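Step one of this worksheet: look at the structure below.
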Amino acid sequence: MGNFDNTIPIKKIFAGKLRRYSHLSAIRHLMWPSLVLKNIGDIFLVVLGFFQSTYKLIVWRPDVIFTKGGYVCLPVGIAAHMLRIPIVVHDSDAHPGLTNRIISKWASKIATGAPLKYYPYPVEKSHYVGIPIASEFHNFTESERRLAKQKWGIKESRPLIVVTGGGLGATRINNAVLLVLDDLLKIGSLVLISGKGQYEELKTRTPMNDDSFQLHSFISTDMALLLGASDVVIARAGATTILELASLSKPTILVPNAQLTGGHQIKNATVYQKEGAVVIVDENEMVNDPRILVSTVSSLLSDSSKTNIMTKKFSSFARPNAAKDVAEMIISCVK
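Written out as C-alpha coordinates, the structure is:
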(Lines of atoms letter the chains of each structure in order from A and count residues from 1; the text may use other names and numbers.)
(Lines give C-alpha, C1' and ligand atoms only; values in the text may rest on other atoms or scores of the structure.)
Protein backbone atom coordinates (compact mmCIF):
# COMPACT_ATOMS: atom_id res chain seq x y z
CA MET A 1 0.00 0.00 0.00
CA GLY A 2 3.03 2.29 0.17
CA ASN A 3 2.29 5.83 1.40
CA PHE A 4 -1.40 5.05 1.91
CA ASP A 5 -0.84 2.66 4.84
CA ASN A 6 -1.64 5.29 7.46
CA THR A 7 -4.42 7.11 5.63
CA ILE A 8 -6.69 4.48 4.06
CA PRO A 9 -8.37 2.04 6.46
CA ILE A 10 -8.27 -1.58 5.37
CA LYS A 11 -10.90 -4.06 6.56
CA LYS A 12 -11.06 -7.78 5.83
CA ILE A 13 -14.00 -10.03 5.06
CA PHE A 14 -14.38 -13.70 4.29
CA ALA A 15 -14.64 -14.56 0.61
CA GLY A 16 -14.46 -17.64 -1.58
CA LYS A 17 -13.74 -18.38 -5.20
CA LEU A 18 -14.91 -20.90 -7.74
CA ARG A 19 -11.78 -22.71 -8.90
CA ARG A 20 -11.96 -23.36 -12.64
CA TYR A 21 -9.08 -24.17 -14.97
CA SER A 22 -9.38 -23.63 -18.70
CA HIS A 23 -7.22 -26.65 -19.55
CA LEU A 24 -9.61 -29.02 -17.70
CA SER A 25 -13.05 -30.17 -18.87
CA ALA A 26 -16.13 -29.90 -16.64
CA ILE A 27 -16.01 -33.66 -16.01
CA ARG A 28 -12.39 -33.53 -14.89
CA HIS A 29 -13.25 -30.69 -12.51
CA LEU A 30 -15.98 -32.84 -10.95
CA MET A 31 -13.64 -35.83 -10.70
CA TRP A 32 -11.14 -33.84 -8.64
CA PRO A 33 -12.46 -34.42 -5.06
CA SER A 34 -10.26 -31.91 -3.25
CA LEU A 35 -11.17 -29.20 -5.77
CA VAL A 36 -14.89 -29.91 -5.39
CA LEU A 37 -14.64 -29.78 -1.59
CA LYS A 38 -12.75 -26.48 -1.69
CA ASN A 39 -15.37 -24.96 -4.00
CA ILE A 40 -18.21 -26.13 -1.74
CA GLY A 41 -16.41 -24.78 1.33
CA ASP A 42 -15.89 -21.42 -0.35
CA ILE A 43 -19.62 -21.05 -0.98
CA PHE A 44 -20.06 -20.80 2.78
CA LEU A 45 -17.28 -18.21 2.93
CA VAL A 46 -19.13 -16.09 0.35
CA VAL A 47 -22.30 -16.27 2.46
CA LEU A 48 -20.35 -15.28 5.58
CA GLY A 49 -18.65 -12.47 3.67
CA PHE A 50 -22.05 -11.22 2.51
CA PHE A 51 -23.28 -10.82 6.09
CA GLN A 52 -20.01 -9.15 7.09
CA SER A 53 -20.25 -6.77 4.14
CA THR A 54 -23.89 -5.95 4.81
CA TYR A 55 -23.10 -5.01 8.41
CA LYS A 56 -20.10 -2.89 7.44
CA LEU A 57 -21.96 -1.06 4.66
CA ILE A 58 -24.88 -0.27 6.99
CA VAL A 59 -22.43 1.19 9.52
CA TRP A 60 -20.29 3.06 6.98
CA ARG A 61 -23.16 4.20 4.74
CA PRO A 62 -20.98 4.73 1.62
CA ASP A 63 -22.28 6.76 -1.32
CA VAL A 64 -20.84 4.43 -3.95
CA ILE A 65 -19.01 1.09 -4.18
CA PHE A 66 -16.12 0.58 -6.60
CA THR A 67 -15.15 -3.00 -7.46
CA LYS A 68 -12.37 -4.46 -9.60
CA GLY A 69 -13.79 -7.95 -10.05
CA GLY A 70 -11.72 -10.21 -7.83
CA TYR A 71 -13.64 -12.87 -5.93
CA VAL A 72 -13.51 -10.80 -2.73
CA CYS A 73 -15.75 -8.26 -4.51
CA LEU A 74 -18.67 -10.68 -4.84
CA PRO A 75 -20.05 -10.57 -1.27
CA VAL A 76 -19.51 -6.80 -1.20
CA GLY A 77 -21.29 -6.35 -4.51
CA ILE A 78 -24.26 -8.47 -3.45
CA ALA A 79 -24.55 -6.53 -0.19
CA ALA A 80 -24.34 -3.19 -2.02
CA HIS A 81 -27.08 -4.28 -4.40
CA MET A 82 -29.33 -5.37 -1.54
CA LEU A 83 -28.79 -2.00 0.18
CA ARG A 84 -29.34 -0.05 -3.07
CA ILE A 85 -25.87 1.48 -3.01
CA PRO A 86 -24.61 2.50 -6.50
CA ILE A 87 -21.86 0.24 -7.88
CA VAL A 88 -19.12 1.11 -10.35
CA VAL A 89 -17.26 -1.83 -11.88
CA HIS A 90 -13.86 -1.72 -13.58
CA ASP A 91 -12.94 -4.76 -15.68
CA SER A 92 -9.28 -4.94 -16.63
CA ASP A 93 -9.35 -8.27 -18.43
CA ALA A 94 -10.67 -8.49 -21.97
CA HIS A 95 -12.99 -11.31 -20.91
CA PRO A 96 -15.11 -10.70 -17.78
CA GLY A 97 -14.57 -12.97 -14.83
CA LEU A 98 -17.45 -14.61 -12.98
CA THR A 99 -17.63 -11.93 -10.27
CA ASN A 100 -17.87 -9.08 -12.75
CA ARG A 101 -20.45 -10.92 -14.84
CA ILE A 102 -22.64 -11.13 -11.74
CA ILE A 103 -22.06 -7.65 -10.30
CA SER A 104 -22.29 -5.89 -13.67
CA LYS A 105 -26.02 -6.69 -13.79
CA TRP A 106 -26.51 -4.30 -10.87
CA ALA A 107 -23.80 -1.74 -11.70
CA SER A 108 -24.63 1.90 -12.39
CA LYS A 109 -21.54 2.25 -14.59
CA ILE A 110 -18.98 -0.14 -16.01
CA ALA A 111 -15.44 0.77 -17.05
CA THR A 112 -13.44 -1.56 -19.30
CA GLY A 113 -9.75 -2.05 -19.92
CA ALA A 114 -10.19 -3.14 -23.55
CA PRO A 115 -12.58 -1.94 -26.31
CA LEU A 116 -16.27 -2.54 -25.58
CA LYS A 117 -16.70 -5.05 -28.41
CA TYR A 118 -14.93 -7.66 -26.28
CA TYR A 119 -17.48 -7.45 -23.46
CA PRO A 120 -21.10 -8.56 -23.08
CA TYR A 121 -21.97 -5.49 -21.01
CA PRO A 122 -24.83 -3.11 -21.88
CA VAL A 123 -23.39 -0.36 -24.08
CA GLU A 124 -25.49 2.39 -22.48
CA LYS A 125 -23.67 2.11 -19.14
CA SER A 126 -20.27 0.88 -20.30
CA HIS A 127 -17.22 3.03 -21.06
CA TYR A 128 -13.86 2.05 -22.54
CA VAL A 129 -11.34 3.84 -20.31
CA GLY A 130 -8.30 1.53 -20.31
CA ILE A 131 -6.42 0.66 -17.13
CA PRO A 132 -5.00 3.23 -14.69
CA ILE A 133 -1.21 2.91 -14.69
CA ALA A 134 1.67 4.99 -13.37
CA SER A 135 2.70 8.02 -15.44
CA GLU A 136 6.26 6.65 -15.67
CA PHE A 137 5.01 4.29 -18.36
CA HIS A 138 5.19 6.44 -21.48
CA ASN A 139 6.75 6.31 -24.92
CA PHE A 140 10.49 6.82 -24.34
CA THR A 141 12.53 8.99 -26.69
CA GLU A 142 15.87 7.67 -27.97
CA SER A 143 17.76 9.87 -25.50
CA GLU A 144 15.57 8.59 -22.64
CA ARG A 145 16.26 5.02 -23.71
CA ARG A 146 20.01 5.64 -23.75
CA LEU A 147 19.91 7.20 -20.29
CA ALA A 148 17.78 4.32 -19.02
CA LYS A 149 20.30 1.77 -20.31
CA GLN A 150 23.09 3.73 -18.64
CA LYS A 151 21.26 3.72 -15.32
CA TRP A 152 20.73 -0.02 -15.53
CA GLY A 153 24.32 -0.63 -16.62
CA ILE A 154 23.32 -2.13 -19.97
CA LYS A 155 25.34 -1.75 -23.19
CA GLU A 156 23.87 1.08 -25.24
CA SER A 157 25.14 -0.35 -28.51
CA ARG A 158 23.17 -3.60 -28.38
CA PRO A 159 19.42 -4.33 -28.47
CA LEU A 160 17.97 -5.04 -25.02
CA ILE A 161 15.63 -7.99 -24.44
CA VAL A 162 13.66 -7.91 -21.19
CA VAL A 163 11.94 -11.08 -19.97
CA THR A 164 9.45 -10.87 -17.12
CA GLY A 165 6.91 -13.33 -15.80
CA GLY A 166 5.18 -10.87 -13.49
CA GLY A 167 5.60 -10.39 -9.75
CA LEU A 168 5.86 -14.12 -9.01
CA GLY A 169 7.92 -14.98 -12.06
CA ALA A 170 7.10 -17.69 -14.59
CA THR A 171 8.99 -20.97 -14.23
CA ARG A 172 8.26 -22.24 -17.73
CA ILE A 173 9.42 -19.00 -19.36
CA ASN A 174 12.52 -18.94 -17.14
CA ASN A 175 13.42 -22.51 -18.09
CA ALA A 176 12.89 -21.87 -21.79
CA VAL A 177 15.06 -18.75 -21.70
CA LEU A 178 17.77 -20.66 -19.85
CA LEU A 179 17.89 -23.32 -22.58
CA VAL A 180 18.41 -20.76 -25.37
CA LEU A 181 20.24 -18.10 -23.37
CA ASP A 182 23.44 -18.30 -25.43
CA ASP A 183 21.49 -17.79 -28.65
CA LEU A 184 19.54 -14.85 -27.21
CA LEU A 185 22.76 -13.22 -26.02
CA LYS A 186 24.09 -13.39 -29.58
CA ILE A 187 21.15 -11.18 -30.59
CA GLY A 188 21.36 -8.64 -27.78
CA SER A 189 21.67 -7.98 -24.08
CA LEU A 190 19.14 -9.64 -21.80
CA VAL A 191 17.55 -8.89 -18.44
CA LEU A 192 15.62 -11.77 -16.86
CA ILE A 193 13.24 -11.05 -13.97
CA SER A 194 12.79 -14.54 -12.60
CA GLY A 195 10.60 -14.16 -9.52
CA LYS A 196 11.89 -15.00 -6.04
CA GLY A 197 10.98 -18.68 -6.13
CA GLN A 198 13.48 -19.69 -8.82
CA TYR A 199 16.07 -16.95 -8.40
CA GLU A 200 18.65 -18.87 -6.35
CA GLU A 201 18.52 -21.84 -8.74
CA LEU A 202 18.93 -19.65 -11.82
CA LYS A 203 21.71 -17.66 -10.19
CA THR A 204 23.89 -20.79 -10.17
CA ARG A 205 23.13 -21.55 -13.84
CA THR A 206 23.50 -18.13 -15.47
CA PRO A 207 26.39 -15.69 -15.99
CA MET A 208 27.26 -13.03 -13.44
CA ASN A 209 25.40 -9.74 -13.85
CA ASP A 210 27.19 -7.38 -16.22
CA ASP A 211 26.37 -5.04 -19.11
CA SER A 212 25.13 -7.90 -21.33
CA PHE A 213 23.15 -10.09 -18.93
CA GLN A 214 21.34 -9.41 -15.68
CA LEU A 215 19.24 -11.66 -13.47
CA HIS A 216 16.86 -10.12 -10.94
CA SER A 217 14.38 -11.84 -8.66
CA PHE A 218 12.04 -8.86 -8.50
CA ILE A 219 12.12 -5.17 -9.35
CA SER A 220 10.21 -2.91 -7.00
CA THR A 221 11.38 0.43 -8.42
CA ASP A 222 12.41 1.67 -11.86
CA MET A 223 10.52 -1.09 -13.70
CA ALA A 224 9.19 1.50 -16.12
CA LEU A 225 12.76 2.66 -16.72
CA LEU A 226 13.94 -0.88 -17.49
CA LEU A 227 11.03 -1.63 -19.83
CA GLY A 228 11.44 1.80 -21.42
CA ALA A 229 15.07 0.95 -22.19
CA SER A 230 14.15 -2.33 -23.88
CA ASP A 231 13.94 -3.13 -27.59
CA VAL A 232 11.82 -6.27 -27.14
CA VAL A 233 9.83 -7.49 -24.15
CA ILE A 234 8.78 -11.08 -23.44
CA ALA A 235 6.02 -11.16 -20.82
CA ARG A 236 2.94 -12.86 -19.47
CA ALA A 237 -0.43 -11.47 -20.57
CA GLY A 238 -1.81 -9.85 -17.45
CA ALA A 239 -4.10 -6.96 -18.34
CA THR A 240 -2.11 -4.27 -16.51
CA THR A 241 1.22 -5.50 -17.89
CA ILE A 242 -0.16 -5.32 -21.43
CA LEU A 243 -1.38 -1.73 -21.02
CA GLU A 244 1.91 -0.67 -19.43
CA LEU A 245 3.74 -2.04 -22.46
CA ALA A 246 1.24 -0.37 -24.80
CA SER A 247 1.92 2.96 -23.09
CA LEU A 248 5.64 2.36 -23.59
CA SER A 249 4.99 1.39 -27.24
CA LYS A 250 7.21 -1.69 -26.97
CA PRO A 251 7.59 -4.59 -29.41
CA THR A 252 6.02 -7.27 -27.26
CA ILE A 253 5.95 -11.06 -27.23
CA LEU A 254 3.22 -12.39 -24.95
CA VAL A 255 3.32 -15.89 -23.47
CA PRO A 256 -0.11 -16.31 -21.84
CA ASN A 257 -0.50 -18.63 -18.88
CA ALA A 258 -3.08 -21.09 -20.18
CA GLN A 259 -3.71 -22.68 -16.78
CA LEU A 260 -5.16 -19.65 -15.02
CA THR A 261 -8.85 -19.59 -14.13
CA GLY A 262 -11.03 -18.78 -17.12
CA GLY A 263 -8.06 -18.61 -19.49
CA HIS A 264 -8.16 -14.84 -19.12
CA GLN A 265 -4.52 -14.31 -20.15
CA ILE A 266 -5.12 -16.06 -23.46
CA LYS A 267 -8.20 -13.92 -24.04
CA ASN A 268 -6.29 -10.76 -23.07
CA ALA A 269 -3.46 -11.51 -25.47
CA THR A 270 -5.80 -12.45 -28.32
CA VAL A 271 -7.43 -8.99 -28.27
CA TYR A 272 -4.12 -7.32 -29.11
CA GLN A 273 -2.91 -10.05 -31.46
CA LYS A 274 -6.07 -9.66 -33.58
CA GLU A 275 -5.20 -5.99 -34.03
CA GLY A 276 -1.62 -6.83 -35.06
CA ALA A 277 -0.26 -5.11 -31.94
CA VAL A 278 1.62 -8.02 -30.30
CA VAL A 279 3.02 -11.46 -31.06
CA ILE A 280 1.75 -14.46 -29.10
CA VAL A 281 3.93 -17.47 -28.37
CA ASP A 282 2.02 -20.54 -27.20
CA GLU A 283 3.42 -21.71 -23.88
CA ASN A 284 3.32 -25.41 -24.74
CA GLU A 285 5.06 -24.80 -28.07
CA MET A 286 7.71 -22.79 -26.23
CA VAL A 287 8.29 -25.61 -23.75
CA ASN A 288 8.62 -28.17 -26.55
CA ASP A 289 10.89 -25.92 -28.61
CA PRO A 290 12.38 -22.92 -26.75
CA ARG A 291 14.08 -21.82 -29.98
CA ILE A 292 10.77 -20.21 -30.92
CA LEU A 293 11.74 -17.39 -28.56
CA VAL A 294 14.98 -16.84 -30.45
CA SER A 295 13.33 -16.80 -33.87
CA THR A 296 10.52 -14.49 -32.71
CA VAL A 297 12.87 -12.00 -31.06
CA SER A 298 15.16 -12.08 -34.08
CA SER A 299 12.23 -11.47 -36.42
CA LEU A 300 11.08 -8.40 -34.49
CA LEU A 301 14.55 -6.89 -34.30
CA SER A 302 15.42 -7.54 -37.94
CA ASP A 303 12.27 -6.10 -39.54
CA SER A 304 12.02 -2.53 -38.27
CA SER A 305 9.20 -1.51 -40.62
CA LYS A 306 6.97 -4.36 -39.46
CA THR A 307 7.86 -3.70 -35.84
CA ASN A 308 7.10 0.02 -36.16
CA ILE A 309 3.64 -0.74 -37.53
CA MET A 310 3.05 -3.18 -34.69
CA THR A 311 4.10 -0.75 -31.96
CA LYS A 312 1.97 2.07 -33.42
CA LYS A 313 -1.05 -0.22 -33.28
CA PHE A 314 -0.12 -1.25 -29.75
CA SER A 315 0.30 2.32 -28.50
CA SER A 316 -3.18 3.18 -29.80
CA PHE A 317 -4.54 1.16 -26.85
CA ALA A 318 -2.80 3.38 -24.30
CA ARG A 319 -5.21 5.43 -22.20
CA PRO A 320 -3.20 8.01 -20.18
CA ASN A 321 -6.38 9.51 -18.65
CA ALA A 322 -7.74 6.19 -17.40
CA ALA A 323 -7.41 7.02 -13.69
CA LYS A 324 -9.15 10.38 -14.14
CA ASP A 325 -11.92 8.84 -16.23
CA VAL A 326 -12.60 6.13 -13.64
CA ALA A 327 -12.62 8.70 -10.83
CA GLU A 328 -15.13 10.84 -12.72
CA MET A 329 -17.37 7.83 -13.25
CA ILE A 330 -17.31 7.07 -9.51
CA ILE A 331 -18.07 10.67 -8.56
CA SER A 332 -20.93 10.86 -11.07
CA CYS A 333 -22.69 7.99 -9.27
CA VAL A 334 -22.74 9.71 -5.89
CA LYS A 335 -26.35 10.56 -5.08
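Its first residue numbered 0, the sequence shown is counted upward by one per residue in our numbering.
Ideal placement from N, C-alpha and C gives every residue a C-beta, glycine not left out.
These numbers come from a predicted model, not from an experiment.
The alpha-carbon of residue 33 is positioned some 55 Å away from that of residue 142. Residue state for residue 26 is assigned as helix, using DSSP reduced to three classes.
Residues of the same chain with a CB within less than 7 Å of the CB of residue 314, apart from the 5 flanking positions on each side, are 138, 245, 248 in chain order. Short of 8 Å from the beta carbon of residue 49, and not among the five residues preceding or following it, lie these beta carbons of its own chain, in chain order: 74, 77, 78. In terms of CA proximity to residue 131, 242 leads the group 242, 25, 160. Listed in chain order, the non-local C-beta contacts of residue 275 below 8 Å within the same chain comprise 308, 309, 312, local neighbours out to five positions each way being set aside. Collapsing the DSSP output to three states places residue 66 in a strand.
In the DSSP annotation of this structure, residue 43 is not part of any beta strand (DSSP E); the continuous alpha helix (DSSP H) holding it starts and ends at 32-59. Straight-line measurement puts the Cα of residue 56 at about 53 Å from the Cα of residue 293. Judged by beta-carbon spacing, residue 252 lies within the 8 Å limit of residue 231, meaning their Cβ atoms are closer than that value.
According to the DSSP assignment, residue 223 belongs to the alpha helix (DSSP H) that extends over 222-228. Taken atom to atom, the span from the alpha-carbon of residue 190 to that of residue 168 is near 13 Å. With 16 or more other CB atoms across the displayed protein chains lying within 10 angstroms of its CB, residue 226 is buried. Shown here, residue 13 sits in coil according to DSSP, grouped into three states, outside any helix or strand. By the Cβ rule, the stretch 212-222 counts as touching the stretch 180-199, because three or more pairs are nearer than 8 Å. Take the alpha-carbon of residue 51 and the one of residue 123: they are about 32 Å apart.
In the DSSP assignment, residue 251 falls within the beta strand (DSSP E) that extends over 251-253. A distance below 8 Å separates the beta carbons of residue 87 and residue 107.
Residue 65 is positioned such that its CB atom lies closer than 8 Å to that of residue 329.
Residue environment for residue 43: exposed (fewer than 16 other C-beta atoms within 10 angstroms of its C-beta). Per DSSP, residue 310 is one residue of the alpha helix (DSSP H) stretching across 303-314. Inter-residue distance for residue 290 and residue 179 is about 6 Å (C-alpha atoms, whole angstroms). Residue 182: member of the alpha helix (DSSP H) spanning 180-186, first to last residue. In this structure, the straight-line span from the alpha carbon of residue 60 to that of residue 332 is close to 15 Å. Shown here, residue 175 sits in a helix according to DSSP, grouped into three states.
The beta carbon of residue 236 sits closer than 6 Å to those of 253, 255, 264, 267, 268, all from its chain and outside the five residues before and after it, given in chain order. When only Cα atoms are considered, residue 239 and residue 220 end up about 16 Å apart.
Beta-carbon to beta-carbon, residue 15 and residue 70 are separated by about 7 Å, close enough to satisfy the 8 Å threshold.
Judged by beta-carbon spacing, residue 296 lies within the 8 Å limit of residue 183, meaning their Cβ atoms are closer than that value. For residue 115, no beta strand (DSSP E) run applies, since DSSP gives it neither H nor E. With contacts defined by Cβ atoms closer than 8 Å, residue 205 and residue 212 form a contacting pair. Per DSSP, the unbroken alpha helix (DSSP H) holding residue 142 starts and ends at 141-151.
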